[in-house]
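Structure, as C-alpha coordinates:
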(Lines of atoms letter the chains of each structure in order from A; the text may use other names.)
(Lines give C-alpha, C1' and ligand atoms only; values in the text may rest on other atoms or scores of the structure.)
Protein backbone atom coordinates (compact mmCIF):
# COMPACT_ATOMS: atom_id res chain seq x y z
CA UNK A 14 0.00 0.00 0.00
CA UNK A 15 2.73 2.47 0.95
CA UNK A 16 4.74 1.91 -2.21
CA UNK A 17 1.64 2.39 -4.38
CA UNK A 18 0.86 5.60 -2.50
CA UNK A 19 4.21 7.14 -3.40
CA UNK A 20 3.58 6.36 -7.06
CA UNK A 21 -0.09 7.24 -7.40
CA UNK A 22 -1.80 8.87 -4.37
CA UNK A 23 -3.99 11.93 -4.99
CA UNK A 24 -4.34 14.47 -2.19
CA UNK A 25 -7.69 14.97 -0.53
CA UNK A 26 -8.86 17.32 2.20
CA UNK A 27 -11.92 15.27 3.12
CA UNK A 28 -12.66 15.15 6.85
CA UNK A 29 -14.67 11.94 6.55
CA UNK A 30 -13.62 9.06 8.75
CA UNK A 31 -11.85 11.27 11.27
CA UNK A 32 -9.19 12.55 8.88
CA UNK A 33 -7.64 15.91 9.68
CA UNK A 34 -7.62 18.65 7.05
CA UNK A 35 -3.80 18.57 7.16
CA UNK A 36 -3.74 14.89 6.25
CA UNK A 37 -3.15 13.42 2.85
CA UNK A 38 -0.35 12.94 0.36
CA UNK A 39 0.25 13.73 -3.28
CA UNK A 40 2.25 11.21 -5.27
CA UNK A 41 4.74 11.43 -8.11
CA UNK A 42 1.92 10.96 -10.66
CA UNK A 43 -1.55 11.35 -9.20
CA UNK A 44 -3.22 10.35 -12.49
CA UNK A 45 -1.51 7.01 -12.99
CA UNK A 46 -3.41 3.76 -12.44
CA UNK A 47 -2.12 0.99 -10.18
CA UNK A 48 -2.37 -2.73 -10.93
CA UNK A 49 -1.84 -4.47 -7.56
CA UNK A 50 -0.31 -7.93 -7.88
CA UNK A 51 0.02 -10.08 -4.76
CA UNK A 52 3.18 -12.14 -5.10
CA UNK A 53 3.84 -13.13 -1.48
CA UNK A 54 1.91 -15.16 1.01
CA UNK A 55 0.70 -13.47 4.20
CA UNK A 56 4.15 -13.74 5.80
CA UNK A 57 5.43 -11.50 2.96
CA UNK A 58 8.85 -13.07 2.55
CA UNK A 59 10.40 -14.92 -0.41
CA UNK A 60 11.45 -17.92 1.65
CA UNK A 61 10.84 -21.46 0.47
CA UNK A 62 10.14 -22.60 4.01
CA UNK A 63 6.92 -20.58 4.19
CA UNK A 64 5.54 -21.42 0.79
CA UNK A 65 6.77 -18.72 -1.60
CA UNK A 66 8.64 -20.04 -4.62
CA UNK A 67 10.46 -18.31 -7.45
CA UNK A 68 7.77 -19.64 -9.79
CA UNK A 69 5.12 -17.76 -7.77
CA UNK A 70 7.06 -14.52 -8.12
CA UNK A 71 7.59 -15.14 -11.83
CA UNK A 72 3.87 -15.75 -12.31
CA UNK A 73 3.08 -12.38 -10.73
CA UNK A 74 5.59 -10.57 -12.94
CA UNK A 75 4.27 -12.27 -16.06
CA UNK A 76 0.66 -11.54 -15.20
CA UNK A 77 1.47 -7.83 -14.76
CA UNK A 78 3.17 -7.19 -18.09
CA UNK A 79 0.87 -9.44 -20.12
CA UNK A 80 -2.20 -7.68 -18.71
CA UNK A 81 -1.17 -4.16 -19.61
CA UNK A 82 1.13 -2.91 -16.85
CA UNK A 83 3.51 -0.26 -18.22
CA UNK A 84 5.96 -0.12 -15.30
CA UNK A 85 6.87 -2.79 -12.77
CA UNK A 86 7.73 -1.24 -9.40
CA UNK A 87 9.36 -3.79 -7.09
CA UNK A 88 10.09 -2.96 -3.46
CA UNK A 89 10.94 -6.57 -2.67
CA UNK A 90 13.81 -8.97 -3.04
CA UNK A 91 15.57 -11.90 -1.44
CA UNK A 92 17.15 -10.91 1.88
CA UNK A 93 20.56 -12.45 1.18
CA UNK A 94 22.46 -10.92 -1.79
CA UNK A 95 24.20 -14.29 -2.16
CA UNK A 96 20.85 -15.89 -3.00
CA UNK A 97 21.30 -18.13 -6.04
CA UNK A 98 19.51 -16.96 -9.14
CA UNK A 99 16.34 -18.67 -10.32
CA UNK A 100 16.02 -19.08 -14.10
CA UNK A 101 12.21 -18.95 -14.03
CA UNK A 102 12.26 -15.57 -12.27
CA UNK A 103 15.14 -14.23 -14.38
CA UNK A 104 13.25 -15.13 -17.54
CA UNK A 105 9.99 -13.51 -16.39
CA UNK A 106 11.73 -10.23 -15.54
CA UNK A 107 13.75 -10.18 -18.76
CA UNK A 108 10.67 -10.83 -20.87
CA UNK A 109 8.84 -7.97 -19.13
CA UNK A 110 11.76 -5.62 -19.84
CA UNK A 111 12.01 -6.68 -23.49
CA UNK A 112 8.48 -7.49 -24.65
CA UNK A 113 6.12 -5.50 -22.42
CA UNK A 114 4.17 -2.50 -23.74
CA UNK A 115 3.82 -3.99 -27.20
CA UNK A 116 7.55 -4.60 -27.61
CA UNK A 117 8.80 -1.31 -26.16
CA UNK A 118 9.53 -3.01 -22.86
CA UNK A 119 8.35 -2.31 -19.33
CA UNK A 120 10.76 -0.41 -17.09
CA UNK A 121 11.47 -2.93 -14.31
CA UNK A 122 12.45 -0.90 -11.26
CA UNK A 123 13.75 -2.44 -8.04
CA UNK A 124 14.86 -1.30 -4.63
CA UNK A 125 18.51 -2.25 -4.06
CA UNK A 126 17.67 -4.00 -0.79
CA UNK A 127 18.25 -3.36 2.90
CA UNK A 128 21.18 -4.75 4.82
CA UNK A 129 20.06 -6.98 7.69
CA UNK A 130 21.78 -8.36 10.76
CA UNK A 131 22.19 -11.83 9.33
CA UNK A 132 23.14 -10.87 5.77
CA UNK A 133 25.61 -8.05 6.24
CA UNK A 134 27.41 -7.91 2.90
CA UNK A 135 27.30 -4.11 2.39
CA UNK A 136 28.48 -4.24 -1.21
CA UNK A 137 25.80 -6.62 -2.40
CA UNK A 138 22.88 -5.24 -4.39
CA UNK A 139 20.02 -7.62 -3.72
CA UNK A 140 18.61 -10.25 -6.02
CA UNK A 141 16.81 -9.86 -8.38
CA UNK A 142 17.59 -6.11 -8.37
CA UNK A 143 21.14 -6.79 -9.54
CA UNK A 144 20.01 -8.35 -12.83
CA UNK A 145 21.16 -6.35 -15.88
CA UNK A 146 17.67 -5.62 -17.23
CA UNK A 147 16.45 -4.23 -13.90
CA UNK A 148 16.85 -0.60 -12.82
CA UNK A 149 18.10 -0.43 -9.23
CA UNK A 150 17.43 2.29 -6.65
CA UNK A 151 19.19 2.92 -3.35
CA UNK A 152 18.21 5.23 -0.47
CA UNK A 153 19.68 8.50 0.75
CA UNK A 154 18.76 10.94 3.50
CA UNK A 155 18.04 14.65 3.48
CA UNK A 156 21.80 15.24 3.74
CA UNK A 157 22.33 13.26 0.50
CA UNK A 158 24.39 10.60 2.25
CA UNK A 159 23.62 6.95 1.59
CA UNK A 160 21.41 5.37 4.21
CA UNK A 161 23.49 2.89 6.21
CA UNK A 162 21.05 0.09 5.38
CA UNK A 163 20.96 0.79 1.62
CA UNK A 164 22.68 -1.92 -0.40
CA UNK A 165 25.06 -0.73 -3.08
CA UNK A 166 27.47 -1.91 -5.71
CA UNK A 167 28.23 -1.65 -9.45
CA UNK A 168 24.62 -2.53 -10.37
CA UNK A 169 23.17 0.54 -8.61
CA UNK A 170 21.51 3.04 -10.99
CA UNK A 171 20.09 5.87 -8.85
CA UNK A 172 19.46 6.97 -5.30
CA UNK A 173 16.31 8.65 -3.96
CA UNK A 174 15.24 9.96 -0.51
CA UNK A 175 13.88 7.71 2.20
CA UNK A 176 12.67 8.27 5.75
CA UNK A 177 14.66 8.58 8.94
CA UNK A 178 14.61 10.98 11.89
CA UNK A 179 15.60 13.91 9.67
CA UNK A 180 12.93 13.49 6.99
CA UNK A 181 9.36 12.20 7.01
CA UNK A 182 8.20 10.29 3.95
CA UNK A 183 4.39 10.08 3.91
CA UNK A 184 2.35 7.55 2.00
CA UNK A 185 -0.85 5.55 2.25
CA UNK A 186 -1.58 2.87 4.83
CA UNK A 187 -4.27 0.22 4.77
CA UNK A 188 -7.56 1.86 5.59
CA UNK A 189 -8.91 2.15 9.09
CA UNK A 190 -7.19 0.05 11.76
CA UNK A 191 -5.84 -2.76 9.61
CA UNK A 192 -2.55 -1.12 8.70
CA UNK A 193 0.59 -0.26 10.62
CA UNK A 194 -0.74 3.09 11.82
CA UNK A 195 -3.57 2.78 14.36
CA UNK A 196 -5.07 4.81 17.15
CA UNK A 197 -3.04 2.63 19.53
CA UNK A 198 0.28 2.95 17.70
CA UNK A 199 0.68 6.08 15.63
CA UNK A 200 3.77 7.90 14.45
CA UNK A 201 1.85 10.68 12.68
CA UNK A 202 1.98 14.24 14.02
CA UNK A 203 -0.84 14.94 16.50
CA UNK A 204 -2.43 17.48 14.14
CA UNK A 205 -2.65 14.91 11.36
CA UNK A 206 -3.24 11.63 13.14
CA UNK A 207 -5.07 9.80 10.41
CA UNK A 208 -4.92 6.02 10.56
CA UNK A 209 -5.11 5.80 6.76
CA UNK A 210 -1.59 7.18 6.31
CA UNK A 211 1.92 5.89 6.85
CA UNK A 212 3.85 8.88 8.14
CA UNK A 213 7.35 7.38 8.19
CA UNK A 214 7.77 5.05 5.24
CA UNK A 215 11.41 4.05 5.06
CA UNK A 216 13.93 1.66 3.53
CA UNK A 217 14.92 1.30 -0.08
CA UNK A 218 11.28 0.27 -0.52
CA UNK A 219 10.36 3.95 -0.19
CA UNK A 220 13.06 5.13 -2.62
CA UNK A 221 12.10 2.73 -5.42
CA UNK A 222 8.53 4.02 -6.06
CA UNK A 223 9.83 7.60 -6.35
CA UNK A 224 11.73 6.45 -9.43
CA UNK A 225 8.78 4.37 -10.66
CA UNK A 226 6.52 7.42 -10.38
CA UNK A 227 9.00 9.49 -12.36
CA UNK A 228 9.08 6.79 -15.04
CA UNK A 229 5.27 7.09 -15.18
CA UNK A 230 5.61 10.83 -15.77
CA UNK A 231 8.01 10.18 -18.65
CA UNK A 232 5.66 7.69 -20.29
CA UNK A 233 2.71 10.04 -19.84
CA UNK A 234 4.70 12.65 -21.76
CA UNK A 235 5.96 10.24 -24.42
CA UNK A 236 4.42 6.74 -24.42
CA UNK A 237 6.64 5.69 -27.33
CA UNK A 238 9.75 5.60 -25.14
CA UNK A 239 11.33 2.17 -24.79
CA UNK A 240 12.26 0.78 -21.38
CA UNK A 241 15.92 1.36 -22.19
CA UNK A 242 15.17 4.97 -23.17
CA UNK A 243 13.46 5.51 -19.81
CA UNK A 244 16.53 4.09 -18.04
CA UNK A 245 18.79 6.35 -20.11
CA UNK A 246 16.76 9.46 -19.28
CA UNK A 247 16.56 8.66 -15.56
CA UNK A 248 20.32 8.14 -15.35
CA UNK A 249 21.38 11.17 -17.38
CA UNK A 250 18.96 13.63 -15.77
CA UNK A 251 20.02 12.62 -12.24
CA UNK A 252 21.74 15.24 -10.10
CA UNK A 253 25.40 14.46 -9.52
CA UNK A 254 25.97 17.50 -7.29
CA UNK A 255 24.97 16.16 -3.90
CA UNK A 256 24.80 18.13 -0.68
CA UNK A 257 28.29 17.06 0.37
CA UNK A 258 30.00 17.16 -3.05
CA UNK A 259 29.99 15.90 -6.61
CA UNK A 260 30.04 12.29 -7.81
CA UNK A 261 31.10 10.69 -11.05
CA UNK A 262 28.23 8.67 -12.61
CA UNK A 263 28.65 4.98 -12.02
CA UNK A 264 29.50 5.52 -8.36
CA UNK A 265 28.98 2.28 -6.41
CA UNK A 266 27.16 4.01 -3.54
CA UNK A 267 25.14 6.60 -5.49
CA UNK A 268 24.88 5.24 -9.02
CA UNK A 269 24.31 8.04 -11.54
CA UNK A 270 23.18 10.41 -8.79
CA UNK A 271 20.05 11.59 -7.02
CA UNK A 272 16.73 11.26 -8.84
CA UNK A 273 15.54 14.56 -10.34
CA UNK A 274 12.01 14.15 -11.64
CA UNK A 275 11.75 17.70 -12.97
CA UNK A 276 14.93 17.46 -15.03
CA UNK A 277 13.90 14.05 -16.34
CA UNK A 278 10.61 15.38 -17.72
CA UNK A 279 12.26 18.60 -18.93
CA UNK A 280 14.77 16.57 -20.94
CA UNK A 281 12.02 15.35 -23.31
CA UNK A 282 9.97 18.56 -23.33
CA UNK A 283 12.42 20.93 -25.08
CA UNK A 284 10.82 22.90 -27.88
CA UNK A 285 7.37 22.91 -26.29
CA UNK A 286 7.82 26.55 -25.31
CA UNK A 287 4.15 27.20 -24.53
CA UNK A 288 3.94 23.98 -22.49
CA UNK A 289 0.75 22.70 -24.09
CA UNK A 290 1.97 19.14 -24.59
CA UNK A 291 3.09 19.28 -28.23
CA UNK A 292 5.55 21.12 -30.47
CA UNK A 293 3.75 23.24 -33.07
CA UNK A 294 3.73 26.60 -34.82
CA UNK A 295 2.38 28.03 -31.58
CA UNK A 296 5.78 27.45 -30.00
CA UNK A 297 7.45 29.41 -32.80
CA UNK A 298 5.18 32.42 -32.30
CA UNK A 299 5.53 32.10 -28.50
CA UNK A 300 9.33 32.28 -28.69
CA UNK A 301 9.30 35.14 -31.21
CA UNK A 302 7.04 37.10 -28.88
CA UNK A 303 9.25 36.33 -25.88
CA UNK A 304 12.54 37.13 -27.62
CA UNK A 305 11.66 40.07 -29.87
CA UNK A 306 8.30 41.58 -28.94
CA UNK A 307 6.54 42.01 -25.60
CA UNK A 308 8.55 39.34 -23.82
CA UNK A 309 5.99 39.19 -21.04
CA UNK A 310 5.57 35.45 -20.98
CA UNK A 311 8.76 33.38 -20.89
CA UNK A 312 8.50 29.59 -21.13
CA UNK A 313 7.12 28.29 -17.85
CA UNK A 314 7.71 26.51 -15.46
CA UNK A 315 11.24 26.55 -16.85
CA UNK A 316 12.84 28.79 -19.45
CA UNK A 317 14.60 25.78 -20.96
CA UNK A 318 11.30 24.49 -22.36
CA UNK A 319 12.15 26.88 -25.19
CA UNK A 320 15.64 25.44 -25.63
CA UNK A 321 14.88 23.44 -28.77
CA UNK A 322 18.52 23.15 -29.92
CA UNK A 323 19.80 21.90 -26.56
CA UNK A 324 22.48 24.51 -25.89
CA UNK A 325 21.19 25.51 -22.41
CA UNK A 326 20.05 28.89 -23.76
CA UNK A 327 16.91 30.31 -25.39
CA UNK A 328 17.73 32.33 -28.51
CA UNK A 329 16.97 32.87 -32.19
CA UNK A 330 18.68 29.53 -32.84
CA UNK A 331 15.75 27.78 -31.18
CA UNK A 332 13.25 29.60 -33.40
CA UNK A 333 15.25 28.63 -36.49
CA UNK A 334 15.44 24.98 -35.44
CA UNK A 335 11.69 24.81 -34.72
CA UNK A 336 10.89 26.25 -38.15
CA UNK A 337 13.20 23.71 -39.76
CA UNK A 338 11.69 20.89 -37.69
CA UNK A 339 8.11 21.84 -38.47
CA UNK A 340 8.22 23.10 -42.08
CA UNK A 341 11.51 22.46 -43.91
CA UNK A 342 13.55 19.29 -43.31
CA UNK A 343 11.18 18.07 -40.57
CA UNK A 344 14.18 16.57 -38.85
CA UNK A 345 13.88 15.48 -35.20
CA UNK A 346 14.64 17.73 -32.28
CA UNK A 347 17.76 16.76 -30.27
CA UNK A 348 15.86 14.96 -27.52
CA UNK A 349 16.36 13.97 -24.81
CA UNK A 350 18.38 17.03 -23.87
CA UNK A 351 20.47 17.05 -20.71
CA UNK A 352 21.86 20.60 -20.98
CA UNK A 353 20.90 22.53 -17.87
CA UNK A 354 21.88 25.97 -16.64
CA UNK A 355 21.67 25.27 -12.92
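In this note's numbering, the protein residues as written are 14 to 355. Using N, Cα and C, we set each Cβ at its ideal position, and we do this for glycine too.
Simplified DSSP state of residue 62, which is helix, strand or coil:
Low confidence applies to residue 62: its pLDDT is 42, below 50, so where it sits in the model is not reliable, and the reading given next is rough at best. Residue 62: helix per DSSP, three-state reduction.
Continuous alpha helix (DSSP H) stretch holding residue 230: start and end
Following the DSSP letters along the chain, one finds residue 230 inside the alpha helix (DSSP H) bounded by residues 217-234.
Locate the alpha helix (DSSP H) running through residue 47, then write down its first and last residues.
Element bounds for residue 47: n/a, residue is neither H nor E.
Ignore the nearest five residues each way along the sequence and tell me which others in residue 333's own chain have a CB closer than 6 Å to its CB.
The answer is none, since no qualifying residue turns up.
Taking 8 Å as the threshold, find out whether the region 166-178 comes into contact with the region 146-154 through three or more Cβ pairs.
Output reads yes: the region 146-154 touches the region 166-178.
Are residue 280 and residue 345 touching if we call contact CB-CB under 8 Å?
No.
Alpha-carbon spacing of residue 117 relative to residue 239, whole angstroms
Each residue's Cα considered, the two are about 5 Å apart.
Given this structure, state the Cα-to-Cα distance separating residue 20 from residue 215, to the nearest angstrom.
As the crow flies, the alpha-carbon of residue 20 is around 15 Å from that of residue 215.
If contact is defined by three or more beta carbon pairs under 8 Å, each pair taking one atom from either stretch, is the region 307-317 in contact with the region 260-267?
Taking a contact to require three or more Cβ pairs closer than 8 Å, the region 260-267 and the region 307-317 do not qualify as touching.
Please name the residue, chosen from 270, 235 and 243, that lies closest to residue 251 on a Cα-to-Cα basis.
Residue 270 is the option with its Cα nearest to residue 251.
Hey, would you say residue 156 sits closer than 8 Å to residue 186, going by beta carbons?
In this structure, residue 186 does not lie closer than 8 Å to residue 156 by Cβ.
Identified DSSP bridge partners for residue 99
According to DSSP, which records beta bridges pairwise, residue 99 is partnered with nothing at all.
Secondary structure of residue 185, DSSP reduced to three states
If DSSP states are grouped into helix, strand and coil, residue 185 belongs with the strands.
Hey, would you say residue 226 sits closer than 8 Å to residue 41, going by beta carbons?
Taking a C-beta distance under 8 Å as the contact criterion, residue 226 and residue 41 qualify as a contact pair.
Quick one: which unbroken alpha helix (DSSP H) runs of 4-plus residues sit fully inside the region 262-307? Chain order, please.
As far as the region 262-307 is concerned, its whole alpha helix (DSSP H) runs of at least 4 residues are 274-280 and 294-305.
Straight-line CA distance for residue 249 to residue 319?
Between residue 249 and residue 319, the alpha-carbon positions lie close to 20 Å from each other.
Looking at residue 330 and residue 337, is the spacing between their C-beta atoms short of 8 Å?
Taking 8 Å as the Cβ cut-off, residue 337 and residue 330 do not qualify as a contacting pair.
Span separating the alpha-carbon of residue 165 from that of residue 253
Distance between the alpha carbons of residue 165 and residue 253 is about 16 Å.
Residue 43, buried or exposed, once every other Cβ within 10 Å from all chains shown has been counted against 16:
Burial call: exposed.
Minimum C-alpha distance to residue 343 - residue among 294, 326, 193 and 113
That would be 294, whose Cα lies nearest to the Cα of residue 343.
Give me the residue from 141, 163 and 140 with the minimum Cα distance to residue 128.
Of the candidates 141, 163 and 140, the one whose C-alpha sits nearest the C-alpha of residue 128 is 163.
Over what stretch of residues does the alpha helix (DSSP H) that includes residue 332 continue unbroken?
For residue 332, the enclosing alpha helix (DSSP H) has its first and last residue at 329-340.
Are there 16 or more other CB atoms within 10 angstroms of the CB of residue 237, so buried, or fewer, so exposed?
Answer is exposed; the Cβ neighbour count stays below 16.
Beta carbon of residue 297 nearer than 8 Å to that of residue 183:
No. Outside cutoff.
Under the three-state reduction of DSSP, which class applies to residue 354: helix, strand or coil?
Under the three-state reduction of DSSP output, residue 354 falls in the coil class, being neither helix nor strand.
Local Cβ density within 10 Å of residue 120, reported as buried at 16 or more and exposed below that:
Residue 120 counts as buried, since at least 16 other C-beta atoms from the protein chains shown sit within 10 angstroms of its C-beta.
Which class does residue 316 belong to by DSSP, given the choice of helix, strand or coil?
Three-state result, residue 316: helix.
Under 8 Å Cβ to Cβ from residue 339, same chain only, skipping five residues before and after it: list those, please.
Within its own chain, the residues whose Cβ lies closer than 8 Å to the Cβ of residue 339, once the five positions on either side in sequence are excluded, are 292, 293, 294 and 297, listed in chain order.
For residue 299, I'd like the list of residues in its chain whose CB is within less than 7 Å of its CB, leaving aside the five on either flank, ordered along the chain.
Excluding sequence neighbours, residue 299 sits near 286 and 287.
Kindly indicate the opening and closing residues of the alpha helix (DSSP H) around residue 67.
Note, residue 67: alpha helix (DSSP H), 67-79.
Applying the 10 Å Cβ sphere with the 16-neighbour rule, what's the burial state of residue 137?
Around the beta-carbon of residue 137, 16 or more other beta-carbon atoms lie within 10 Å, marking it buried.
Rounded to whole angstroms, how far is the Cβ of residue 68 from the Cβ of residue 101, which I believe are closer than 8 Å?
That pair is a contact at about 5 Å.
When you compare only the Cα positions, how much space is there between residue 303 and residue 276?
Answer to the nearest angstrom: the Cα atoms are 22 Å apart.
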